[in-house]
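Before any comments, here is the structure.
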Amino acid sequence: MIIQFTEENPEQNLRQVEQLLSDREIAFSTVPGASVIVTAAADRLDQATINGLPATVSVRQFDNDYQLSTRDYQNANTVVDLGDGVIFGDSRTVFAVGPCAVESESQAMKTAEFLTEEFGLKLFRAGAFKPRTSPYSFQGLGEEGLRILDKVRSEFGMKIITEVKDTTHLDAVAEVADIVQVGTKAMYNPALLIKCGQLQKPICLKRGFMATVKEFLQAADFIMSQGNMDVILCERGIRSFEPQTRFCLDICAAALVQTTSHLPLMLDPSHAMGYAAQVPAVARAAAGMGVDSLMIEIHPDPPTALSDKSQALSFEQFRNLYSAIKPICQAAGRNLV
Ligand code: PEP
Ligand code: MN
15 MIIQFTEENP EQNLRQVEQL LSDREIAFST VPGASVIVTA AADRLDQATI NGLPATVSVR
75 QFDNDYQLST RDYQNANTVV DLGDGVIFGD SRTVFAVGPC AVESESQAMK TAEFLTEEFG
135 LKLFRAGAFK PRTSPYSFQG LGEEGLRILD KVRSEFGMKI ITEVKDTTHL DAVAEVADIV
195 QVGTKAMYNP ALLIKCGQLQ KPICLKRGFM ATVKEFLQAA DFIMSQGNMD VILCERGIRS
255 FEPQTRFCLD ICAAALVQTT SHLPLMLDPS HAMGYAAQVP AVARAAAGMG VDSLMIEIHP
315 DPPTALSDKS QALSFEQFRN LYSAIKPICQ AAGRNLV
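Pasting the structure below:
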């Protein structure tokens, strides 16, 4: 159930409704910017109570157990504007490019220099806290990685998207990140989603690789129900029966999400395909969908990459990909930035 206030100054209505819900022991959270109260789907007010509320209060009861991320709740696209032309949800496809992990200062700087000088790209991706499947794999540089990302921003003026594994280092990540990325495994961590919802930073939510579209949007609702409406959805591939591709980019789900959710959509051909040789073909297909963002992993020396080595494009491979993608984005009505 969502309760909205249509008045210019809704403070009084807000307090009245908060009191009403507290009296009835109905759990709720308040979305401050939007002047909205959200309660669990099962909590309903009876019609007589609703009729007794001021005319400036509108109550929307949903049968679905996901609401805020849907076009039923908001038909207009959500626009996430990071400044400097990095805007998700309008007529752009924002390229989020960089290595899987920050490995060293020189690796990050070399990559950022390549992306800014050759293409003028503005959004750098790289993980400092890496959620690896094996405890014996490189786990990221942690705080040192964040320091390097901060240096990428100050030297090259790039915005930073970097991931958070769990709540323990969320504040440190949020201090450096322009977009906090919640990875495919962390999508199932409600405590983390709730904390992300309390941040005033855009969140890029990657779809769990076994999650249905509904579960994906429910995870987005977890974040939004805490007041953070700046959520970017990322389809990054789901697990299929095919062992020769790492995952399978679910473009059907992407098409569905474009029509059923107002949130910006990113596609991630790198993690879906998993192999550099085929990433460009998948990226071309993704660009043709007219999406708000594309994520691609590159590395100055792919054979030495410490994580996701097989999918990392060399700089030369990225040059080719970029020139192939740009006209496709344009044909899909988007400007690649
Ligand atoms: C990543 O972006 O490097 C990453 C680990 O993504 P995912 O959570 O989709 O695997
Ligand atoms: Mn990766």
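With this note's numbering applied, the sequence shown corresponds to residues 15 to 351, in that order.
Just so you know, even glycine gets a beta-carbon here, dropped at the ideal spot from N, CA and C.
Just the residues with CB closer than 5 Å to a heavy atom of the ligand MN, in chain order, which are they?
-> CYS114 and ASP322
Just to check, is the beta-carbon of ARG250 closer than 8 Å to a non-hydrogen atom of the ligand PEP?
-> yes
Proximal residues to ILE10 (C-beta, below 6 Å), its chain only, five neighbours per side dropped = An answer regarding residue 10 cannot be provided, because it is not within the stretch 15 to 351 covered by the chain.
My understanding is that THR125 touches ILE312, with C-beta atoms under 8 Å, so please give their C-beta distance in whole angstroms.
-> 6 Å
Would you mind sorting ASN65 into buried or exposed? The rule is 16 or more other CB atoms within 10 Å of its CB.
-> exposed
At a cut-off of 8 Å, is ALA200 close to the ligand PEP when judged by its beta-carbon and the heavy atoms of the ligand?
-> yes
Inspect the beta-carbon positions of ASN91 and THR84 and report whether they are closer than 9 Å.
-> no
Run of the alpha helix (DSSP H) containing ILE237, from where it starts to where it stops | 227-238
Rounded to a whole number of angstroms, what is the C-alpha to C-alpha distance between PHE42 and GLN81?
-> 14 Å
The alpha helix (DSSP H) with VAL271 in it runs from where to where?
-> 265-274
Thinking C-alpha only, which one of THR181, VAL93, ASP37 and THR70 is nearest LEU279?
-> VAL93
Residue range of the unbroken alpha helix (DSSP H) whose run includes GLY284 = The amino acid occupying residue 284 in the given sequence is Ser; Gly does not appear at that position. Residues 283-287.
According to DSSP, what are the bridge partners of PHE109?
-> LEU308
C-alpha distance - ALA346 paired with TYR150, whole-angstrom precision | 43 Å
Beta-ladder partner(s) of LYS220, from DSSP = CYS248
Looking only at its own chain, which residues have a Cβ that is under 7 Å from the Cβ of LEU320, when we skip the five neighbours before and after it?
-> ALA115, GLU117 and PHE152
Could you please give the first and the last residue of the uninterrupted alpha helix (DSSP H) stretch that includes SER337?
-> 329-345
Rounded to a whole number of angstroms, what is the C-alpha to C-alpha distance between GLN121 and PRO314?
-> 7 Å
Roughly how many angstroms lie between the CA atoms of LEU308 and GLU158, to the nearest whole one?
-> 27 Å
Taking 9 Å as the cut-off, decide whether the C-beta atoms of ILE265 and ILE237 are in contact.
-> no
Of all Cβ atoms in chain D, is any one closer than 9 Å to the Cβ of ILE265?
-> In the displayed structure, chain D is absent; only one protein chain is listed.
Using a threshold of 8 Å, is the CB atom of ASP282 nearer than that to any non-hydrogen atom of the ligand PEP?
-> yes
heavy atom of the ligand PEP below 8 Å from GLN195 C-beta | yes
DSSP state of LEU210 mapped onto helix, strand, coil | Residue identity check: residue 210 is Cys in the sequence provided, not Leu. Here CYS210 sits in helix by DSSP.
Could I get the ranges of all uninterrupted alpha helix (DSSP H) runs contained in the region 89-158, with 4 residues as the minimum, in chain order?
-> 119-133
Excluding sequence positions up to five away, which residues of its chain have a Cβ less than 6 Å from the Cβ of PRO294?
-> LEU335
So, is ARG38 buried or exposed, given that buried needs 16 or more other C-beta atoms within 10 angstroms?
-> exposed
Does the pairing of the region 92-110 with the region 131-143 give three or more beta-carbon distances under 8 Å?
-> yes
Select from GLY302, THR273, MET287 and GLN331 the residue whose C-alpha is nearest the C-alpha of GLN88.
-> THR273
If you check the beta carbons only, do LYS220 and VAL196 fall under 9 Å apart?
-> yes
DSSP three-state assignment for SER49, whether helix, strand or coil | coil
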